[in-house]
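Working notes, structure below.
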């Protein structure tokens, strides 16, 4: 299956067509099927997705408001990139919110939720041995969502997920850095140990340092790629 097949819409699904088109385009951007700087042609996308131009146009307007697409006068729509400042701002907010979630989880997580986190660590360790970056990202995402869920704060969870989605398209790049997956696993273990011990402060500190570490790796990769292209 080609990467572009992510854009194909299952019209048999009993959900509004506009929602399906929006989600398909957003996921294609997040998963870098549609890459930063790529021009988006409304008619071509509609044909590729097997729909009319109207839901594509509406989805693109929404994605523009959310920062995934930029409209350039007299040129058209393009997939938005993230500047260094954008990334720094997003990670600052994400670090604060995820630290809060981890602290709440340390005081609210059930025994079953902690056991689920520990099982997630085992899955992550097994994937680390295979160097399977894409599946590791999926397991990593699920691991963090277990913590959000254990915080027992749905509004906080939704805020974090929205921020995470905006930088999701760069995670393949950062996790592919040699040694990053192994280090991330050790950071995850530290977080779970703190939550299991009910240590709110340590859970917050461990999470904040984990997010900062991820940010530093990503910025280093972007800087290196920029230098090589110059």
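In our numbering, the protein residues as written are 1 to 230.
Even glycine gets a Cβ: it sits at the ideal position worked out from N, Cα and C.
Under 8 Å, do residue i and residue j count as touching if we go by C-beta distance?
{"i": "residue 94", "j": "residue 164", "result": "yes"}
{"i": "residue 49", "j": "residue 8", "result": "yes"}
{"i": "residue 207", "j": "residue 115", "result": "no"}
{"i": "residue 156", "j": "residue 100", "result": "yes"}
{"i": "residue 117", "j": "residue 211", "result": "no"}
{"i": "residue 166", "j": "residue 90", "result": "yes"}
{"i": "residue 160", "j": "residue 148", "result": "yes"}
{"i": "residue 121", "j": "residue 188", "result": "yes"}
Going by C-alpha to C-alpha distance, which of the options sits closest to residue i?
{"i": "residue 205", "options": "191, 196, 147 and 113", "result": "191"}
{"i": "residue 36", "options": "15, 67 and 118", "result": "67"}
{"i": "residue 19", "options": "188, 171 and 60", "result": "60"}
{"i": "residue 216", "options": "125, 25 and 85", "result": "85"}
{"i": "residue 153", "options": "62, 108, 28 and 209", "result": "108"}
{"i": "residue 173", "options": "150, 127, 223 and 143", "result": "223"}
{"i": "residue 64", "options": "103, 29 and 96", "result": "29"}
{"i": "residue 87", "options": "193, 168 and 39", "result": "168"}
Please list, in chain order, all residues of the same chain as residue i whose beta carbon is under 7 Å from its beta carbon, the five residues on each side excluded.
{"i": "residue 46", "result": "52, 53 and 56"}
{"i": "residue 127", "result": "135, 136 and 139"}
{"i": "residue 43", "result": "53"}
{"i": "residue 221", "result": "173, 174 and 177"}
Please return the same chain residues whose Cβ sits closer than 8 Å to the Cβ of residue i, not counting the five positions on each side in sequence.
{"i": "residue 242", "result": "The first residue shown for the chain is 1 and the last is 230, placing residue 242 beyond what the model contains."}
{"i": "residue 110", "result": "150"}
Take residue i and list the residues in its own chain whose beta-carbon comes closer than 6 Å to its own, dropping the five residues that flank it on each side.
{"i": "residue 124", "result": "139 and 185"}
Kindly provide the ranges of any alpha helix (DSSP H) runs that are 4 or more residues long and lie completely inside the segment 131 to 215, ordered along the chain. Runs of the alpha helix (DSSP H) inside the segment 131 to 215: 133 to 150, 154 to 167, 171 to 175 and 180 to 196.
Taking contact to mean at least 3 C-beta pairs separated by less than 8 Å, is the segment 73 to 84 in contact with the segment 134 to 141? no
Should the segment 195 to 204 be called in touch with the segment 75 to 85, which here means at least 3 C-beta pairs below 8 Å? Look at the beta carbons and you see the segment 195 to 204 not touching the segment 75 to 85: under three pairs across the two are nearer than 8 Å.
Runs of alpha helix (DSSP H) wholly within the segment 10 to 91 (minimum 4 residues, chain order): 17 to 30, 42 to 49 and 53 to 65
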